[in-house]
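Read the structure below first, then the notes.
Numbering (the numbering used here), first residue to last: 9 to 377.
Below you can see the structure in the form of structure tokens.
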């Protein structure tokens, strides 16, 4: 079945998100319009934040602004690819990124650290971090966030990418990721519009390494994604977009890139949905806050991270978004299946190029991996 939705541009996706949940916008001018206009215009007192949907709700931002006498310019991303694009833009004054502080998963944190784009954190300015769960206090054991005894990112939230299903259409919970390819569900499946995770998902479905696709398996994995494209109703980028598509198109099954955040969105809208971790396992991410090396006010950025690590902020994140925080154990854990923590992949540009051709509907015989 042909894809029913076209890919949104970065700006359109960001604007749609801002309209839906009031979380800001891509453009700094629109972000300022949503903030208190009486704030100081001093660049050193303006914090430029790059985050994912739901990570910094307006009341959380306003509380920080009121305490610090500062202004927050919030930009939202919907994929790792968009995050990289935004961070590639250069501030003409500092020569660094256009953002002071950002939220990203550990794979992206490692990449940014290796590019010398992140500053080591001043742990003395992060007292809330001391209350994190023991597994997050063992920071050296978390791949990508430390180097040479210095900490470059602070864990914030985590989730597994499970499967969400409509109980009215699927009475027995799916046990395998192969359900996404089930011919009986053709036109009633949603998938995530992201090259890296999509290739990892298709590799896992075939019992292959999700992060290091062997040279002999590229064609096999690519064809599997072509088959997925034919089975899905459409591809989404943002959580709210997925919930709207799920409801409007009477979707039966969705690959939940945002995990329990999407589950909560649908449940809050009255949908009778279930959530499973398939037997092959689920890709899982850990998002962290980090400060860019050329942040205009590192102390203000540090106070922002500490603000988001507070118990109050963590509980708001869990209650509103359904995402786990790093201070309390989640109320529920997957009953089955294993978590496959994200790792760097073998060739991201290659995945990106092939993915664009796949979702554009290019004929399979022309897709040479």
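Glycine residues also receive a C-beta, built at the ideal position from the N, C-alpha and C atoms. Values in this document were obtained by computation on a predicted structure and should not be read as measured data.
Classify residue 321 as buried or exposed, calling it buried when 16 or more other Cβ atoms lie within 10 Å of its own Cβ. Counting from 1 along the chain shown, the entry for residue 321 is found at position 313. Around the beta carbon of residue 321, 16 or more other beta carbons lie within 10 angstroms, which makes this residue buried.
Kindly indicate the opening and closing residues of the beta strand (DSSP E) around residue 84. Counting from 1 along the chain shown, the entry for residue 84 is found at position 76. Segment 79-84, the beta strand (DSSP E) holding residue 84.
Terminal residues of the beta strand (DSSP E) in which residue 285 lies: Here residue 285 refers to the residue found at position 277 of the chain shown. Taken as a continuous stretch (DSSP letters only), residue 285 belongs to no beta strand (DSSP E), as it is neither H nor E.
Buried or exposed (CB count within 10 angstroms, at least 16 for buried), residue 339: The residue given as residue 339 occupies position 331 in the chain shown. Result: exposed.
Helix, strand or coil at residue 392 according to DSSP, with G and I counted as helix: There is simply no residue 392 to check, as the chain begins at 9 and stops at 377 in what is shown.
Judging by CA-CA distance, which residue of 206, 61, 330 and 100 is the nearest neighbour of residue 269? The count along the chain shown starts at 1 and reaches residue 269 at position 261. With distances taken between Cα atoms, residue 269 lies closest to 330.
Could you tell me the alpha carbon to alpha carbon distance between residue 87 and residue 294, rounded to whole angstroms? Indexing the chain shown from 1 puts residue 87 at position 79. Indexing the chain shown from 1 puts residue 294 at position 286. For residue 87 and residue 294, the distance between alpha carbons rounds to 14 Å.
In chain order, what residues of the same chain have a beta carbon less than 6 Å from the beta carbon of residue 239, not counting five sequence neighbours either side? The residue you call residue 239 lines up with position 231 of the chain shown. When the five nearest sequence neighbours on each side are left out, the beta carbons in the same chain lying within less than 6 Å of the beta carbon of residue 239 are those of 189, 194 and 197, in order along the chain.
Less than 7 Å between C-beta atoms, sequence neighbours within five positions excluded: which residues of the same chain meet that for residue 114? Counting from 1 along the chain shown, the entry for residue 114 is found at position 106. These residues qualify, in order along the chain: 150, 151, 152, 153, 294, 296 and 350.
Cutting at 6 Å between CB atoms, please list the residues of its own chain near residue 139, excluding the five before and the five after it. For this step, residue 139 is matched to residue 131 along the chain shown. So the qualifying residues of the chain are 335.
Spatial neighbours of residue 218 within its chain, please: C-beta separation below 7 Å, excluding the five flanking residues on both sides. One-based indexing of the chain shown puts residue 218 at position 210. Around residue 218: 208, 211, 212, 291 and 348.
Give me, in chain order, the residues of the same chain whose beta-carbon lies closer than 7 Å to that of residue 135; leave out the 5 immediate sequence neighbours on both sides. Within the chain shown, numbered from 1, the residue matching residue 135 stands at position 127. 314.
Residue 280: buried (16+ other C-beta within 10 angstroms of its C-beta) or exposed? Numbered from its first residue, the chain shown carries residue 280 at position 272. Counting Cβ neighbours within 10 Å, residue 280 comes out exposed, since fewer than 16 surround it.
Could you tell me which whole alpha helix (DSSP H) segments of length 4 or greater appear in the stretch 202-281? Runs found: 203-213, 226-239, 247-256 and 268-276.
Just mark residue 132 as buried or exposed, buried being the case when its beta carbon has 16 or more other beta carbons within 10 Å. As a working note, residue 132 is residue 124 in the chain shown. The C-beta of residue 132 has fewer than 16 other C-beta atoms within 10 Å across all chains shown, which makes the residue exposed.
Does the stretch 213-232 touch the stretch 253-268, meaning 3 or more C-beta pairs lie closer than 8 Å? With a cut-off of 8 Å, the stretch 213-232 and the stretch 253-268 do not count as touching, because too few Cβ pairs lie within range.
With DSSP as the reference, identify every bridge partner of residue 295, one or two as the case may be. To locate residue 295, count along the chain shown from 1; it is residue 287. Per DSSP, the beta bridge partners of residue 295 are 113 and 165.
With 16 other Cβ atoms within 10 Å as the buried cut-off, status of residue 311: Mapped onto the chain shown, residue 311 falls at position 303. Counting Cβ neighbours within 10 Å, residue 311 comes out buried, since at least 16 surround it.
Distance between beta carbons of residue 283 and residue 170, contact taken as under 8 Å: Here the question's residue 170 lines up with position 162 in the chain shown. Here the question's residue 283 lines up with position 275 in the chain shown. Rounded to the nearest angstrom, the Cβ distance from residue 170 to residue 283 is 5 Å, consistent with a contact under 8 Å.
Can the beta-carbon of residue 304 be found closer than 7 Å to that of residue 66? Residue 304 sits at position 296 when you count from the first residue of the chain shown. Residue 66 sits at position 58 when you count from the first residue of the chain shown. No, they are not a contact pair.
For the beta strand (DSSP E) that contains residue 56, what are its first and last residues? Locating residue 56 in the chain shown gives position 48, counting from the first residue. Taken as a continuous stretch (DSSP letters only), the beta strand (DSSP E) holding residue 56 covers 54-59.
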